[in-house]
Amino acid sequence: MRVIDNHTPNLRGILLIIILLGLIALNIIACVKAILASEVNPTILVLKAVDYGEIRHVEYVPRPLYEVKALTCSEVAKELLLKAIYGMELDDAKLSFILACKRQGYFSQTPDNVDFNPEATLYATWLLKTIGAKPKVNASLLLEELNKADTFDKAYYIVMALELLGYNVSKSMLRDFDLGYAVSWIRNSSKPSVKATSMWLCLFKDTRKAEWLLENAQDLGAKVRARLVLGDYPYKDLINLDFSEWFNIETLIALKPTSVNVTIVPAIVVKQEPRAVSIGIVRWPNEVVKGYEFSWSLKEDKIVSRLEFDNRLLTFER
1133 MRVIDNHTPN LRGILLIIIL LGLIALNIIA CVKAILASEV NPTILVLKAV DYGEIRHVEY
1193 VPRPLYEVKA LTCSEVAKEL LLKAIYGMEL DDAKLSFILA CKRQGYFSQT PDNVDFNPEA
1253 TLYATWLLKT IGAKPKVNAS LLLEELNKAD TFDKAYYIVM ALELLGYNVS KSMLRDFDLG
1313 YAVSWIRNSS KPSVKATSMW LCLFKDTRKA EWLLENAQDL GAKVRARLVL GDYPYKDLIN
1373 LDFSEWFNIE TLIALKPTSV NVTIVPAIVV KQEPRAVSIG IVRWPNEVVK GYEFSWSLKE
1433 DKIVSRLEFD NRLLTFER
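Quick look at the structure:
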């Protein structure tokens, strides 16, 4: 008689193997589904641009107008001169008034006056030269009057008129007013004058006198003249001048300050080097200046950019 062995343990082993194979199959199926899902819904990376900012510096070109203070040849000529520089239309009646003040080689202050007036002669000559007319001023008479001038304002008007006529006037012709470091108001005086020294700077770009003027002047207009000659002047001082005063308008005409609009990027410290992406420079009233130098350096954790042009230096720190 045969005896049949107990096969229960073998059946259990087979069941465990089947379950294990089933789990492996389910894991494979899950992985396949995950791969297929990743192909259907791919990962999208959105790259955003980083704006490191910019520095903008804007300066406006001052274009003041002048209103006459009195009905005199010099005052009317000043108003018309400024308009002529701007290219504006000139009043015919006022031009006729100027011509009515013309004498034999000079100008008087009013049509009914015949006396030589250095201020009227200067501004009438300046106006007529600007509009292309011939002033017909007697240079010999001007030289005679220069030798007789007892105050610097009279000498200034005459010297300016001579230069407009094409004569090269040297400092030696004004030596009786020249103190070296400054200018006296009265001929042969040893007392320096802020006003006389500031007028001198429209004739000669004298840095020694400009330094004295900057130190001693209280008036903003005189200080701006000094800074224009020295080269480093703040734009805010220029636009804060009182342009109802001809003194400050003559600063624009004679010394021709420059104004600049510039955009510099970037505004913070990054790997990109700072550069001027746009720049416009205008010398008063409308002359475009092309030459400039732009440089930069690092100062601790700040970028220092420098813009040099027309004897000016602008510095930007950020």
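Numbering (my numbering), first residue to last: 1133 to 1450.
Don't be surprised by glycine CBs; every beta carbon is placed ideally from N, CA and C.
How many Å lie between residue i and residue j at the Cα?
i	j	result
Tyr-1424	Gln-1236	48 Å
Leu-1311	Ala-1342	13 Å
Phe-1229	Val-1246	14 Å
Ile-1199	Val-1193	Here residue 1199 turns out to be Glu, not Ile, going by the sequence shown. Whole-angstrom Cα-Cα distance: 19 Å.
Gly-1353	Ser-1330	9 Å
Phe-1309	Ser-1410	47 Å
Cys-1233	Asp-1244	8 Å
Gln-1350	Glu-1405	42 Å
Ala-1256	Tyr-1367	31 Å
Val-1394	Gly-1412	6 Å
Arg-1340	Phe-1379	21 Å
Trp-1416	Val-1392	11 Å
Val-1291	Ser-1427	41 Å
Measure from the alpha carbon of residue i to the alpha carbon of each residue in the options, then state which is nearest.
i	options	result
Pro-1250	Leu-1294, Ser-1427, Ile-1217, Ser-1228	Leu-1294
Ala-1225	Pro-1324, Val-1269, Ala-1209	Ala-1209
Asn-1270	Thr-1253, Lys-1261, Ser-1321	Thr-1253
Arg-1114	Phe-1336, Lys-1286, Val-1326, Thr-1339	The requested residue 1114 is not part of the displayed model; the chain covers only 1133 to 1450.
Leu-1362	Glu-1377, Cys-1334, Asn-1372, Asn-1380	Cys-1334
Ala-1358	Ile-1411, Leu-1346, Val-1301, Ser-1316	Leu-1346
Ile-1371	Glu-1191, Glu-1186, Ile-1187, Phe-1379	Glu-1191
Thr-1262	Ala-1216, Tyr-1288, Glu-1186	Ala-1216
Please state if the CB of residue j and the CB of residue i are separated by a distance shorter than 8 Å.
i	j	result
Gln-1241	Thr-1283	no
Asp-1369	Arg-1444	no
Phe-1239	Glu-1277	no
Tyr-1313	Trp-1344	yes
Pro-1267	Leu-1275	no
Phe-1336	Lys-1303	yes
Val-1414	Thr-1390	yes
Name the two residues that bound the continuous beta strand (DSSP E) containing residue i.
i	result
Leu-1203	Segment: none, Leu-1203 is in no beta strand (DSSP E) and carries neither H nor E.
Gly-1412	1407 to 1415
Trp-1428	1425 to 1431
Lys-1434	1434 to 1441
Mind checking which residues open and close the alpha helix (DSSP H) that includes residue i?
i	result
Ser-1228	1224 to 1232
Val-1291	1284 to 1296
Just to check, is the beta-carbon of residue i closer than 7 Å to a non-hydrogen atom of the ligand GTP?
i	result
Tyr-1218	The ligand GTP is absent from the structure shown, which contains no ligand whatsoever.
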